[in-house]
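Just below is one structure, and these are the notes that go with it.
Here it is as structure tokens:
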């Protein structure tokens, strides 16, 4: 009898726990299902992201950018006379959860459009759902070409790997006149792999030499083995198409081991953390990005300022692209004239010369943005415009 | 030929010579007592015979065939069943299940048969259940067949352990202190049951026991070990008066003490 | 402080519902050596473990040096001034002999006392003196038993519980150990001795209790028990009489 | 040759950090037979405590002015982190392990995994998931010998790790608590019979192990430049493997195991591929458990039947 | 003959019921809820399979995500290779899809079972927590291998050749047909001579050996079956997700599986079923707690272990809960 009772009590405990979960969600400001009345006065935008897990910082960065864009749009009176509301759901970096989250955004939160994810493989998982359900989705930062191939409802606002890879290969070969380059890629990160592959293909085509290929995994902290191995190869630069979180450490490790060659990278570098972590060691390195802070448009400067006021720190590239994706979406909704997914999709597809924070955006037929890239040089803890490359 | 023969068995743990050069032979159909004071190495000998420990030296022959290097399960399958000093029944399983576990040789159905519940599986299962109930009947446990074994009183657990061992249809049964914790009434019943095993089921029994009433009554031959070494072997009457045995059990006279008559 | 050093009344100890000690009452007066004898499995060790609360008792009471120990943590019972030399010695095989002795003095860290007790150990068991810095795991069985007893003495206990000190030892060593037990008792320490070697146990003890399947079957002066045929019966069963 | 030497030096410094963490695993396992999965997270919390206490002591001002952080302040940071981690270790033991101490052996294992997950995620909430640059508690000075570069940070790691390990050795060999720990790891009941308060000794074990992990955390931060809330996961696992490799329960074993794992990892990353640097640890784990489960310096124990 | 007919009838009836439920599910629920229902089914397969070794046999694996990964990749890869063959032979209809899908699942199960065998053979000599750590290690090694297997898409994952990914074959019908099949098979296995032997190994390996139980062979068999089951779940998962990626099979996934079986009760099949559903639903209910979700989840795990380490049902099955309990039954107290 006693154990039966205990079974019962534990059951109640579990039920109570579940109830707490539900209750919290009901009172949470960001989510909890929306009523028809809400939808009459609101446009609901969904965001799915890794708010927990080993890529939580990427998800949280992006979410801040998106949130800021919507707050600003609401401050200007919203769109079509309605306020915008953001619902963010966590997918803990798991593709099953990403697909769950997108389904939930569509079925429970009744969103009109979806933003997300950072990782291409997760955007693929979520994008397939959005495509099937015919809800437009814009990925802020997934660079793998396959993402938008999922279907006509999936867009992005970032570079694709072949483009950016070619930009940096051209820069290294034609501008810096380098012939021997080492590649250090993050094998846990499809962005890094894709960019490294694209760079390598272009650079080899320009008859450059890739003298060493080393790898690390996201969240690694020790890079001394890789740097030591590169040290003996005579490389003139290292292409490190990773994220700022590791690149700063890599630069410092290289300096510590006496390897005085520049690092080259992509827009994943864009974060104030790069300078705090990399310190002096990162000076003299180059990376490609969407815009240069020192020659930025007013819009970009305003964005940086308001982001810094809002969150107490400067935006990362992920934050900027999150902001940009949200802006492109808001603009499309306004042009669509109605809050209806297919209309919004069409409007996004017709985005032309949209003045975003990272530059002018025009969606091409493959739902990828036509954007120009700039190459920045890091000097004294700042990234400065070096050149612009038309690949 | 003897059913079991040990020749010069040595077992060493670290620095401890637990068994030293023990040899004996157990005739088929006999009840063989293995006694000695606590720590003399009796249980170690059981573990060596059943393959739990591997001896450093010596041979163990079952019906003339060497058991050296075989795993316990293989030795058990060859017809050597045992019970344990500190009862080792499967406590959360029912009494019937405990016994059935040992019935592999009655169960030829494959895992696939079991998963698909084929006719062959069900026949085997029925045969197994029947045999288990016969054994439980012998030990007066059949009314407890569906009880959880761990909830049984101590004496019943001991009997269950023997019933389970018999499920192997062994030729040789090793009983490790079956009477431990039993009162004299229970011990007497145990005596009868051990005799029954030999007389009616034709088993050969080796018995480790501290309860001398049991040992002296049922064993034909008694082998006495102390400090891992053989100190005597003989029939009960001989062992009772053997000075080495008395010294080992009741303690040696202190040399300077003449008090005892 | 008066009254018996140890007093058990209607002690019951069970493991998972099975009673190993059913009903044991006994007392040990200060300065006495009392033996608790009985066949294997009679519950002797369980009685000792219950006294120091290594196993909690299910019913009855245990008073050690006048104090009821129910619910006390073992180390608190030990603090009362009782030491158990467990069956199988339980020396710390990964520590040196010296360190084993030091651990015996865990509750009595006075340097002078430690040195005095260590000297007593060496005097009682000269072989320990030779092996002071040797790893205790490398000692022979007899030496380990000596060490276990010496270790128990390090805390200056008032009551020592000895569990089968003769277990697995060669006869001459057994003799030696029992001599030292008598010597220890002469120094005023109370001793409860669990032993299966009846003859020795009755030789050194003033009184004895005979345990059969968890109950006291017989008790009395050693001298009387020594010639009591029932003792033999408890060990060798009816066989001897038959 | 230069490259090999360089890899070896890097591997040894990483290995000394593993060794410091492995000591905690091995001490707890030796006594409770529990794989304290949360130990890696204690290491992480130690690193963050160092991060925040250095911040509280005004390290940013020193960095801004390119002045060296005073050594005594550095020591305060170390001690604060060690004390905080010790407290955390004791708390974990009290709240999560003590209630299940007498449960079947796998129950505490799962509880430990739960605590580990809890601390990781709580760490993300408290410290933010972003990697943080570790403050320059020690300003970097480089020495070069024939192309092999050694920094004062690496030297400090060796020295601090060595001192702590020697300290631990003395503690375990010479103090009453240390002796009691060794007694407990051999036979917990016999230890009780000596009048040892076993709960207290277990508490001390967690405290000491956790403090060493915190020291490892600070050294790790100095050496590896950044820290993040998940840093304890893999590092912890590797340190555990180091403990198993050396022979769990053996303090010198943990040191030897830590150094070997550090070396193996670094050489794999340098000469095979960094993709397999984590895999090699697990391969070593599997091999050692299959071939010599008691570890390099461990002792075989016979199971009683 | 009568028996066979009866069984066939039950079989068909069950399939019809599942089909009917599937239709009802699709009609009555949103896609979101349907997905949770599918995930719950996949979880049930995982939990029931893992329970066979962790619960019944008492051998602890905490790296089961690795076997799920092998099954997922195996089924995905084989499915992609097989589809054109099936199309040529059987046309492009549902029959052809069902054929290549289920064959792919079986292939995934085979790969997973084989890897279970490879892992199990050497490591099942180890006991308890050591075995647990080794399985963890193997799980991580498997993930790292997939992460570096370029022909399987490395970190991006494997999606077949079509940009929309693997065909979404995983429907209610197939998930629950497999759930029914696996639950029945594992149930039958557990309550058979083999199952008794596995339980005996858990209870007392030395005694089991002494009863002529081929412990190593049985343990390895159970391990392989359990891994194969995880493989089926992996294959279903891959075709629900339309792709597989290595990061989906991290240690956390193995922990999820452990949570499933300990919530319900180690050793209980119905407990595993309840646990599988519980994890699918509770993770979903807590989703918008965002950063707080996993903190709560971890706390839940700790609290369960402390308050009720034997899980909701302990070792009993659901139907035993309502049966009259025998006096002094030792089920609860035994460990």
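Protein chains in written order, with our numbering: chain A, 1 to 391; chain B, 1001 to 1261; chain C, 2001 to 2242; chain D, 3001 to 3305; chain E, 4001 to 4335.
Backbone N, C-alpha and C fix where the C-beta goes; we use that ideal spot for every residue, glycine too.
Just so you know, these numbers come straight off a predicted model, no measurement behind them.
* Got a sec? Which residues, its chain only, sit under 6 Å from residue 1203 (chain B) by beta carbon, not counting five neighbours each side? -> Within the second chain, residue 1203 (chain B) is the residue found at index 203, counting from 1. Same-chain partners within the cutoff: 1173 and 1197.
* Could you tell me whether any Cβ in chain B is nearer than 8 Å to the Cβ of residue 4334 (chain E)? => By one-based count along the fifth chain, residue 4334 (chain E) stands at place 334. Bear in mind that the predicted position of residue 4334 (chain E) carries a pLDDT of just 33, short of 50, making it unreliable; the figure below should be weighed with that in mind. With 8 Å as the cut-off, residue 4334 (chain E) counts as an interface residue toward chain B.
* **CB-CB length for residue 1179 (chain B) against residue 1190 (chain B), believed under 8 Å** => As a position in the second chain, residue 1179 (chain B) is number 179, starting the count at 1. As a position in the second chain, residue 1190 (chain B) is number 190, starting the count at 1. The Cβ separation is near 5 Å, so the contact holds.
* Got a sec? Which residues, its chain only, sit under 8 Å from residue 4362 (chain E) by beta carbon, not counting five neighbours each side? -> There is simply no residue 4362 (chain E) to check, as chain E begins at 4001 and stops at 4335 in what is shown.
* **Nearest-angstrom Cα separation, counted from residue 138 (chain A) out to residue 152 (chain A)** => Within the first chain, numbered from 1, the residue matching residue 152 (chain A) stands at position 152. Within the first chain, numbered from 1, the residue matching residue 138 (chain A) stands at position 138. Taking the straight line from one Cα to the other gives about 11 Å.
* Kindly list, in the order they appear in chain A, the residues whose Cβ is closer than 9 Å to that of residue 3175 (chain D). => What you label residue 3175 (chain D) is simply residue 175 of the fourth chain in a count that begins at 1. Neighbours of residue 3175 (chain D) on chain A: none; closest Cβ ~35 Å, over 9 Å.
* Asked: Where residue 2153 (chain C) and residue 3198 (chain D) are concerned, what is the direct C-alpha to C-alpha distance, given to the nearest angstrom?
  -> Taking the third chain and counting its residues from 1, the one referred to as residue 2153 (chain C) is at position 153. Taking the fourth chain and counting its residues from 1, the one referred to as residue 3198 (chain D) is at position 198. Using only the alpha carbons, I get a separation of about 21 Å.
* My guess is that residue 3180 (chain D) and residue 2106 (chain C) are in contact by the Cβ rule of under 8 Å, so how many angstroms apart are they, rounded? -> To locate residue 3180 (chain D), count along the fourth chain from 1; it is residue 180. To locate residue 2106 (chain C), count along the third chain from 1; it is residue 106. Residue 3180 (chain D) to residue 2106 (chain C), Cβ: 7 Å. Contact.
* Answer with buried or exposed for residue 1066 (chain B), where buried requires no fewer than 16 other C-beta atoms within 10 angstroms of its C-beta. => Your numbering for residue 1066 (chain B) matches position 66 in the second chain. Exposed.
* To do: Check whether the Cβ of residue 3299 (chain D) lies closer than 8 Å to any Cβ atom in chain E.
  => Counting from one through the fourth chain, the residue named residue 3299 (chain D) turns up at place 299. Closer than 8 Å: no.
* If you count every other CB in all the chains shown that lies within 10 Å of the CB of residue 4123 (chain E), and 16 or more means buried, which is it? -> For the purposes of this step, residue 4123 (chain E) is identified with residue 123 of the fifth chain, where counting begins at 1. Label assigned to residue 4123 (chain E): buried.
* residue 1168 (chain B): contacting residues in chain E (beta-carbon distance under 8 Å) -> Locating residue 1168 (chain B) in the second chain gives position 168, counting from the first residue. Those are 4211 and 4212, listed as they occur along chain E.
* Can residue 4305 (chain E) and residue 3111 (chain D) be called in contact, C-beta distance under 8 Å? -> In the fifth chain, residue 4305 (chain E) corresponds to position 305, counting from 1. In the fourth chain, residue 3111 (chain D) corresponds to position 111, counting from 1. Contact: yes.
* residue 4205 (chain E) versus residue 4214 (chain E) - alpha carbon distance -> As a first step, residue 4205 (chain E) is located in the fifth chain; it is residue number 205 there, counting from the start. As a first step, residue 4214 (chain E) is located in the fifth chain; it is residue number 214 there, counting from the start. For residue 4205 (chain E) and residue 4214 (chain E), the distance between alpha carbons rounds to 10 Å.
* Inter-residue spacing [alpha-carbon to alpha-carbon] between residue 52 (chain A) and residue 4294 (chain E) -> Against the first chain, residue 52 (chain A) aligns to sequence position 52. Against the fifth chain, residue 4294 (chain E) aligns to sequence position 294. Approximately 7 Å between the Cα atoms of the pair.
* Euclidean distance between Cα positions of residue 2141 (chain C) and residue 4222 (chain E) -> What you label residue 2141 (chain C) is simply residue 141 of the third chain in a count that begins at 1. What you label residue 4222 (chain E) is simply residue 222 of the fifth chain in a count that begins at 1. Whole-angstrom Cα-Cα distance: 44 Å.
* How about residue 4247 (chain E): is its C-beta nearer than 8 Å to some C-beta of chain B? -> What you label residue 4247 (chain E) is simply residue 247 of the fifth chain in a count that begins at 1. False, the Cβ-Cβ gap to chain B never drops below 8 Å.
* Should the region 186-203 of chain A be regarded as contacting the region 153-169 of chain A, the criterion being three or more beta carbon pairs within less than 8 Å? -> yes
* **The beta strand (DSSP E) enclosing residue 2158 (chain C), as first and last residue numbers** => Within the third chain, the letter at position 158 stands for residue 2158 (chain C). From DSSP, residue 2158 (chain C) is part of no beta strand (DSSP E); its letter is neither H nor E.
* To do: To the nearest angstrom, report how far apart residue 2228 (chain C) and residue 2143 (chain C) are at their CA atoms.
  => Within the third chain, numbered from 1, the residue matching residue 2228 (chain C) stands at position 228. Within the third chain, numbered from 1, the residue matching residue 2143 (chain C) stands at position 143. In a straight line, the C-alpha of residue 2228 (chain C) is about 34 Å away from that of residue 2143 (chain C).
* **Alpha-carbon spacing of residue 1001 (chain B) relative to residue 2119 (chain C), whole angstroms** => Indexing the second chain from 1 puts residue 1001 (chain B) at position 1. Indexing the third chain from 1 puts residue 2119 (chain C) at position 119. One C-alpha to the other measures close to 60 Å.
* Near the ligand GDP: residue 4153 (chain E) beta-carbon under 7 Å from a heavy atom -> What this structure holds is no ligand at all, so the ligand GDP is not there to describe.
* Between residue 3107 (chain D) and chain E, is there a C-beta pair that is closer than 8 Å? -> Against the fourth chain, residue 3107 (chain D) aligns to sequence position 107. Yes, its Cβ sits closer than 8 Å to a Cβ of chain E.
* To do: Using a cut-off of 8 Å between C-beta atoms, extract the partners of residue 4123 (chain E) located in chain B.
  => Within the fifth chain, residue 4123 (chain E) is the residue found at index 123, counting from 1. Neighbours of residue 4123 (chain E) on chain B: none; closest Cβ ~18 Å, over 8 Å.
* Just curious, the alpha helix (DSSP H) that residue 4121 (chain E) is in, first and last residue? -> What you label residue 4121 (chain E) is simply residue 121 of the fifth chain in a count that begins at 1. Element bounds for residue 4121 (chain E): 4094-4123.
* Asked: For residue 3140 (chain D), which residues of its own chain have a beta-carbon under 8 Å away from its beta-carbon, when the five flanking residues on both sides are left out?
  -> Position 140 of the fourth chain, counted from the first residue, corresponds to residue 3140 (chain D). Taken in chain order, the residues that qualify are 3151, 3152 and 3153.
* **Buried or exposed by the 16-neighbour rule on C-beta atoms within 10 Å, applied to residue 3292 (chain D)** => Counting from 1 along the fourth chain, the entry for residue 3292 (chain D) is found at position 292. Flag for residue 3292 (chain D) reads exposed.
* So is residue 1052 (chain B) in contact with chain E if we call contact Cβ pairs under 8 Å? -> Counting from 1 along the second chain, the entry for residue 1052 (chain B) is found at position 52. Interface residue, yes.
* Asked: Who are the Cβ neighbours of residue 1236 (chain B) in its own chain at under 7 Å, not counting the five residues just before and after it?
  -> Counting from 1 along the second chain, the entry for residue 1236 (chain B) is found at position 236. 1216, 1219 and 1222.
* Asked: Looking at the C-beta of residue 4130 (chain E), does it have a partner C-beta in chain D at a distance below 8 Å?
  -> By 1-based counting over the fifth chain, the position of residue 4130 (chain E) is 130. Yes, because at least one Cβ of chain D sits closer than 8 Å to the Cβ of residue 4130 (chain E).
* Asked: Can you tell me the Cα-Cα spacing of residue 28 (chain A) and residue 91 (chain A), whole angstroms?
  -> As a position in the first chain, residue 28 (chain A) is number 28, starting the count at 1. As a position in the first chain, residue 91 (chain A) is number 91, starting the count at 1. Annotation note: pLDDT 37 at residue 28 (chain A) (below 50); position unreliable, no value reported.
* Roughly how many whole angstroms lie between the Cα atoms of residue 3221 (chain D) and residue 286 (chain A)? -> Within the fourth chain, residue 3221 (chain D) is the residue found at index 221, counting from 1. Within the first chain, residue 286 (chain A) is the residue found at index 286, counting from 1. Each residue's alpha carbon lies about 26 Å from the other.
* To do: State the beta-bridge partners of residue 356 (chain A) as determined by DSSP.
  => Position 356 of the first chain, counted from the first residue, corresponds to residue 356 (chain A). Answer is A:359.
* Euclidean distance between Cα positions of residue 255 (chain A) and residue 4169 (chain E) -> Within the first chain, the letter at position 255 stands for residue 255 (chain A). Within the fifth chain, the letter at position 169 stands for residue 4169 (chain E). Roughly 52 Å between the two C-alpha positions.
* **Through-space distance from residue 244 (chain A) to residue 269 (chain A), alpha-carbon basis** => One-based indexing of the first chain puts residue 269 (chain A) at position 269. One-based indexing of the first chain puts residue 244 (chain A) at position 244. Between residue 269 (chain A) and residue 244 (chain A), the C-alpha separation is close to 4 Å.
* Which bits of chain A does residue 3124 (chain D) rub up against, with CB to CB less than 7 Å? -> Within the fourth chain, numbered from 1, the residue matching residue 3124 (chain D) stands at position 124. Per Cβ cutoff of 7 Å: 52 and 56.
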